[in-house]
Each structure stands twice: as structure tokens, then as C-alpha cells.
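*Asks:* Chains as they are written, first to last, in numbering that gives the first Met the number 0: chain D, 0 to 118; chain P, 0 to 498.
From the three backbone atoms N, C-alpha and C, an ideal C-beta is built for every residue, glycine too.
Small disclaimer: the values here were computed from a predicted structure and weren't measured.
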Amino acid sequence: MLQVILDHYNYWIAIFLMMVGFYTVVARGNLVKKLVGLNIFQTSVFLLYISMGKVTGGTAPILDDRFQVYSNPIPHVLILTAIVVGVATTALGLGLVVRIRESYGTIEEDELDLADGET
Amino acid sequence: MSGLIGDLLAHLPALQVVVPLAAAPLCLLAGRAGLAWIIAFTAAVAATATAAALAYLTFHNGTISYHMGGWAPPWGIEYVVDTANALILLLVSAIATVVLAFCPASVAREIRPGSQHLFYCMFILCLTGLLGIAVTGDAFNVFVFLEISSLSSYALIAMGGHRKALTAAFQYLIMGTIGATFFLIGVGLLYMMTGTLNMADLQARIPAIQDSRPVAAAMAFITVGLALKAALFPLHLWLPNAYASAPSAVSAFIAATATKVSLYVLLRFTFTIFGANFAFLNLPLHWVLLVLAVIAMFAGSFSAIFQRDVKRMLAYSSIAQIGYITLAISLASSAGISAALIHIFNHGLMKAALFCAMGCIFYRIGSTRIEHFAGLGRQMPWTMTAIVAAGLSLLGVPLTAGFISKWYLVQAALQADLWWLVILIAASSLLALVYVWRLVEAMYFKAPPAGREDVGEAPLSMLLPTLLLAGLNIYFGLDTRLPVAMAESAAALLLRGQM
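1) Rounded to whole angstroms, what's the CA-CA distance from leucine 27(P) to serine 152(P)? Just pull it up for me.
2) Exposed or buried, which one is serine 366(P) when buried takes at least 16 other CB atoms within 10 Å?
3) I believe phenylalanine 270(P) touches leucine 408(P) by the beta-carbon criterion, under 8 Å. Please report the beta-carbon distance rounded to the nearest angstrom.
4) What are the boundary residues of the alpha helix (DSSP H) that includes glutamate 440(P)?
5) Per DSSP, what are the beta-bridge partners of asparagine 29(D) in this structure?
6) Mind listing which residues of the stretch 84 to 103 of chain D have their C-beta closer than 8 Å to chain P's C-betas, in chain order?
7) Could you have a look at serine 317(P) and say whether DSSP puts it in helix, strand or coil?
8) Alpha carbons only, please: which of Gly335(P), Leu394(P), Leu413(P) and Ile422(P) is nearest the one belonging to isoleucine 473(P)?
9) Can you grab the Cα-Cα spacing for the pair isoleucine 321(P) / cysteine 359(P), in whole Å?
10) Report, in whole angstroms, the separation of the C-beta atoms of alanine 285(P) and phenylalanine 279(P), which I expect to be a contact under 8 Å.
11) For alanine 303(P), I'd like the list of residues in its chain whose CB is within less than 6 Å of its CB, leaving aside the five on either flank, ordered along the chain.
12) Could you give the C-beta distance for leucine 88(P) and alanine 50(P), rounded to a whole number, given that I count them as a contact under 8 Å?
13) Does the distance from the CB of threonine 116(P) to the CB of alanine 29(P) come in under 8 Å?
14) I need the DSSP call for histidine 116(P), collapsed to helix, strand or coil.
15) For a test of your reading of the model: does the CB of aspartate 64(D) fall under 7 Å from any non-hydrogen atom of the ligand ADP? Yes or no.
16) Could you tell me the boundaries of the alpha helix (DSSP H) in which valine 186(P) lies?
17) If you drop the 5 nearest sequence neighbours on each side, which residues of the same chain put their C-beta closer than 6 Å to that of alanine 489(P)?
18) Can you list, in chain order, the residues of its chain with a C-beta nearer than 7 Å to that of alanine 373(P)? Leave out the 5 residues immediately preceding and following it.
19) For my contact list, leucine 236(P) and methionine 191(P) are in at a C-beta cut-off of 8 Å; report their separation, rounded to the angstrom.
20) By the criterion of Cβ-Cβ separation under 7 Å, what are the contact partners of threonine 176(P) in chain D?
21) Within 8 Å (strictly less), CB to CB, does glycine 224(P) reach chain D?
22) Kindly say whether lysine 259(P), judged by its beta-carbon, lies nearer than 8 Å to any beta-carbon of chain D.
23) Does any CB atom of chain D fall closer than 8 Å to the CB of valine 17(P)?
24) Rounded to whole angstroms, what's the CA-CA distance from aspartate 109(D) to threonine 23(D)? Just pull it up for me.
25) Could you tell me which chain D residues have their CB closer than 7 Å to the CB of arginine 162(P), listed as they occur along the chain?
26) For tyrosine 407(P), report the span of its alpha helix (DSSP H) as first-last.
27) In chain P, which residues lie with their C-beta within 8 Å of the C-beta of leucine 111(D)?
28) With 8 Å set as the bound, which would you pick, yes or no: does the beta-carbon of glycine 56(D) sit closer than that to a beta-carbon of chain P?
29) Would DSSP call histidine 66(P) helix, strand or coil?
30) What do you get for histidine 59(P), buried or exposed, if any count of 16 or more other CB atoms within 10 angstroms of its CB means buried?
31) Would you list the one or two residues that DSSP bridges to arginine 368(P)?
32) Does any C-beta atom of chain P lie closer than 8 Å to the C-beta of tryptophan 11(D)?
33) Any idea if valine 143(P) is buried or exposed, counting beta-carbon neighbours within 10 angstroms, 16 or more meaning buried?
34) Which residues in chain P sit within 7 Å of alanine 81(D), going by Cβ to Cβ distance?
35) Starting from the C-beta of valine 44(D), find all residues in its chain whose C-beta is less than 8 Å away, skip the five residues before and the five after it, and write them out in chain order.
36) Quick check: is the beta carbon of glycine 187(P) nearer than 8 Å to any beta carbon in chain D?
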């Protein structure tokens with residue numbers, strides 16, 4: 000049982016981070032904290048992808064006669080794209096938070112709901 | 000010359016995405032609203048022409064496979080156009096063109112002068128994303144285009160005049176990103192198990208490993224992620240706020256296309272990639288979708304009845320209509336898939352017409368609350384005609400496009416021996432009658448409030464696109480050849496070799 004957990008430690012870490020991030024998004028009322036949670040959630044998926052590309056004993060995928068075994072580069076390239084998407088999402092999210100702060104004077108979810116309810 | 004045309008035809012699937020993608024930075028560089036609009040509109044017209052050509056070619060010559068950059072699939076990215084996504088491409092690009100024609104006056108009224116060119120930049124980028132999702136045959140590429148369309152639509156919604164638009168956009172950003180990330184997890188699990196991202200390749204490799212748990216988990220993650228994007232009950236919470244507070248043109252475009260494209264991806268993954276046998280025999284996806292769809296039909300319509308803001312009411316009505324489409328998908332038959340695609344097409348037309356009409360009303364009276372609709376039947380007769388025509392289509396009255404949708408849906412339900420579904424469909428349509436009637440009552444049977452100036456029709460540049468969309472609701476109720484033939488051919492393709 001312990002061996003099963005240790006052999007798949009990368010998945011356990013990814014799932015743990017995923018849940019931490021997801022919980023933060025759902026449970027926190029502060030919009031910036033929500034974005035931090037969202038980032039952790041996304042990063043866990045990046046780790047899931049990157050770790051699955053690892054081949055035991057493999058090197059970086061560079062064409063060289065001395066190396067025969069190398070890691071799968073495709074998940075890494077995919078995640079490069081996903082990281083860019085993540086950066087764009089965070090930037091847009093923070094931009095929205097700034098605008099929300101300017102027009103509501105708060106970034107706490109419950110106070111925002113209250114302000115929206117009155118109008 | 001013929002060589003040039005031949006080259007052009009050979010690259011149509013790439014041009015479908017590249018033309019609007021190239022137009023987006025040009026809109027940004029244009030710096031002025033007028034010039035940016037010309038660029039965006041030209042790109043949208045080109046996209047519609049491309050989509051029409053692709054639809055013609057796929058319908059007559061069969062599926063088109065395009066190898067991006069000359070790299071052969073499954074290593075390179077493949078674009079695949081068949082009758083299923085050709086119909087979606089045509090719907091999305093045509094709606095974008097009509098809504099862009101509607102834009103200049105509406106945008107001038109609702110968006111700050113300094114950021115109008117940015118509006119067109121985002122709009123055309125959103126179109127790029129939606130077209131890309133539909134045209135690609137690569138699972139990871141779907142994610143990339145999904146995020147292009149989503150990020151631009153968050154920005155578009157935030158441009159709404161009221162500060163509520165900001166919180167609505169933020170809420171949509173959080174839920175949309177969670178949905179897209181779920182989708183990404185699912186695609187990752189599939190890649191882990193099969194070592195491929197090409198849809199046709201996935202389809203070939205999944206049957207051998209369909210009893211493994213990661214594949215079932217991948218299906219679950221992908222379905223939940225797409226259901227979030229498609230606003231399927233109970234994952235619809237972002238939708239009413241987003242549609243209600245976005246600028247009018249954005250509501251019209253997104254309501255008509257964005258959720259529909261996600262439903263198309265759901266169809267593609269369920270039937271092409273996982274296969275009906277896996278989704279419906281190994282896993283009980285049809286029962287899950289059926290129950291949620293029926294709840295959506297009633298919950299959406301019930302909530303719509305009690306809304307004071309008409310844009311919000313239409314947003315809740317969209318949730319109910321997405322329920323009908325999902326219901327058709329859950330029947331998992333050829334008739335069901337046809338009905339789903341036909342309703343995707345027809346509902347796009349209805350909601351585009353209704354939200355454009357809301358734009359006309361907002362242009363004149365600066366509000367879309369139902370109490371301000373009193374007496375508009377006399378003051379804005381053409382806009383109100385458009386609302387009534389599209390509203391009847393929403394109900395499914397004969398001679399409108401909505402009737403065709405309901406007809407095929409009911410037939411698919413009867414074919415599956417689920418007669419009680421027919422009763423539920425009829426009952427939820429009666430709920431739609433209640434909220435459409437509230438609108439008609441306010442418009443025609445109430446005197447205009449004292450003190451309001453005598454408002455007239457919106458400018459022709461807004462009124463004509465609205466009337467065109469409303470007219471199409473009637474046209475496709477009478478001449479059903481285009482959507483029905485495409486949808487039936489698509490259903491046959493999606494179910495090929497299954498069940």
C-alpha cells in the first residue's frame with residue numbers, strides 16, 4: 000500500500016495541490032485570494048502533465064548520439080501553451096479586480112453581493 | 000488564376016481561423032472605432048464566405064482533412080471539417096457578421112469612445128476562438144481556442160456600462176477557467192493513456208483500453224468542464240449575470256454562439272472520441288444528461304418568469320433552451336443528435352434576434368427592465384414585431400424555426416419510447432409562453448409611463464440586422480432544408496459504426 004503511494008507520488012502531489020487550489024477558489028471571499036487559488040489549481044494540472052512526460056533514466060530531449068533514452072517533450076510543450084493561457088487569465092483577473100476595487104471600494108465577495116443587491 | 004483559386008480552396012480550413020485572427024491585431028493598430036469596425040466586419044464577412052464554401056464542399060464531397068503546416072496527423076495538428084462542424088462554423092460566422100453590422104450604433108451608445116476599437120479587437124478574437132474550437136481535429140487545440148474565446152469574452156462582458164458587468168465578468172472568469180482546466184485534466188488523462196491528441200487517433204485507440212479507470216475519469220472531467228462552459232444546469236450560475244450586464248451586441252453574439260460551440264464539443268467528444276458505446280453502456284452518461292436537462296428546462300423557465308430585467312429573463316430562458324439541446328443529446332440516437340444540432344442552429348437565431356432587439360430598446364430608452372417596456376408596441380413597432388416573431392419561435396409555434404426544433408425533439412423522444420418526455424417538453428413550453436406573454440402584455444397592452452418622451456425606432460443600422468435575424472426565424476420555419484439536411488448528415492457521421 001505504502002509502495003503504491005510512493006510510486007505515484009507525483010499524482011498525489013498534483014491531486015493535493017488541485018484540491019488546495021479548488022478549495023481556495025470556492026471558500027475564500029477575497030477576489031485576489033480566489034485568483035491565487037485558481038493559479039494553484041492550474042499549476043497542479045501543469046505538474047500532472049509535466050510529470051507524465053518523465054521517462055525513468057531519460058535525459059532532456061536533445062538529439063545526441065550519447066543518449067538513447069529521453070523524456071517525452073510533447074507534454075512540456077503543451078504546458079508551455081497552458082502557462083501562457085494561465086498568465087493571461089491571471090492578468091485579466093487582476094485587471095478586473097482593480098476595476099472592481101475602483102467602482103465598489105471593496106474586493107470582498109459578500110460586500111460586493113450586498114452592494115449589488117441594493118442597486 | 001484557377002491555380003490561385005485551387006490553392007485558396009485547399010487552405011479554406013486554415014483561412015477560417017487565420018483571417019479573423021489576423022484581423023484582431025489590425026483592429027488594435029487601427030486605433031479608431033470606424034477603421035477597426037471595417038476591418039472586423041470584412042474579416043467576419045470573409046469568415047462567413049469561408050464557412051459557406053466549407054459547408055458546400057463537405058456536404059457534396061465529404062469530410063475535409065487539413066494538415067496544419069504540412070505536418071501529417073497524428074503528429075501535426077489536423078483540422079477536420081465535416082457536416083457537423085460546418086453547420087456550427089456557418090452559424091457562428093453568420094451571427095458574428097449580422098451582429099457586427101448591428102454594432103456601430105450600439106457600441107457608440109454603450110462603450111466609451113476611447114475603447115471602441117478594443118471592443119472590435121476582442122469581438123473578432125472571440126470569433127476566432129469559437130471558429131477554432133469548431134474546426135480543429137486536435138483535442139489540445141480545442142483547449143487553446145476555448146481559452147482564446149473565453150478570455151476575450153470575459154473582457155467583452157466587462158465592457159458593459161454598469162459596474163455589475165465587472166463582477167459578472169469576474170465570476171465568469173473564475174467558473175470558465177475552472178471549466179477549461181477540468182477539460183485540460185481530461186485531455187491530459189487521455190494523452191497519458193493513449194499517447195495521442197488527434198481526435199481520429201484517439202477514437203481508434205480508446206476501445207482497446209475503455210475498461211481502464213483513467214479513461215472513465217477523463218470522460219467525467221471533460222464532460223463536467225464542457226458542461227460548465229455550456230452552462231448546463233446546475234453549472235449555469237455565471238450565465239444570467241454575464242448575459243444581463245454585457246453590452247447588447249456582446250449578449251447577442253455570445254448568447255447565440257458560445258454555449259452552442261461548447262455543446263458541439265460535447266457532441267464531438269461523446270460520439271466521435273469516446274464513442275456512444277463507451278459513454279452510454281460503460282457509463283450512464285445519458286441518464287445524467289437527461290435528468291439535468293429536464294431540470295434545466297423547468298428551472299430555467301421558472302426563473303425566467305420572475306425576472307424584472309428582460310435581458311436576465313432571456314438569459315434564464317437560454318438555460319432552459321440549453322436543457323432542450325442536452326435532452327436531445329442524451330437520447331443518444333441519430334434522431335436525437337439531429338434534433339440537438341437543429342436546435343443549436345435555431346436557438347442561435349432566436350437568441351441573436353431577441354438580444355439585438357434588446358439592444359435597440361436600450362439604445363432608445365436606456366433600460367431593459369420590463370416596466371419600461373410599457374407602451375413600446377406603438378412607439379417601436381418594428382422592434383416589437385421582431386421580438387414577437389423571435390418569441391413565437393422560442394415557444395415553438397408552427398411556421399417558426401422553433402417549431403421545427405421541437406418537432407424533431409419530440410420525434411426523437413417518441414422514437415426512444417419516452418412518451419413522458421413529450422409531456423415534459425410541452426409543459427416547459429407552456430412556461431415559456433408565460434414569460435413571452437409578460438413581454439407582449441407590457442409592450443402592447445400597457446400605456447407608456449407618463450413623462451417619457453415619445454421614443455421612435457432605433458437607427459436603421461440596428462433595426463435591419465434585428466429584423467433580418469427575426470425574419471430568419473420565420474424563414475427556417477418554412478424552408479428547413481439547410482439545417483435539417485446538414486444535421487441529419489452530421490448525425491450519421493457522428494454515429495458511424497456505432498450502436
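*Replies:* Checking against the coordinates, here is how it stands:
1) 16 Å
2) exposed
3) With a Cβ gap of about 18 Å, phenylalanine 270(P) and leucine 408(P) do not count as contacting.
4) 418 to 443
5) Glu107(D)
6) Val84, Ala87, Thr88, Leu91, Gly92, Leu95, Val96, Arg98, Ile99, Ser102 and Tyr103
7) helix
8) Leu394(P)
9) 25 Å
10) The residue asked about is misnamed: residue 285(P) is histidine in this sequence, not alanine. Yes, they are in contact, since the Cβ atoms of histidine 285(P) and phenylalanine 279(P) sit about 5 Å apart, within 8 Å.
11) Met312, Tyr315, Ser316 and Tyr434
12) 4 Å
13) What sits at residue 116(P) in the sequence shown is histidine, not threonine. Yes, they are a contact pair.
14) helix
15) Looking at this structure, you won't find the ligand ADP or any other ligand, since it has none at all.
16) 163 to 193
17) Thr82, Ala83 and Leu340
18) Ala441, Lys445, Ala446, Pro447 and Pro448
19) Their Cβ separation, rounded to whole angstroms, is 31 Å, which puts leucine 236(P) and methionine 191(P) out of contact at 8 Å.
20) Leu37 and Thr88
21) no
22) no
23) no
24) 16 Å
25) Ser102 and Tyr103
26) 400 to 414
27) Thr166
28) no
29) strand
30) exposed
31) Asp308(P)
32) no
33) buried
34) Leu183
35) Ala13, Met17 and Ala81
36) yes
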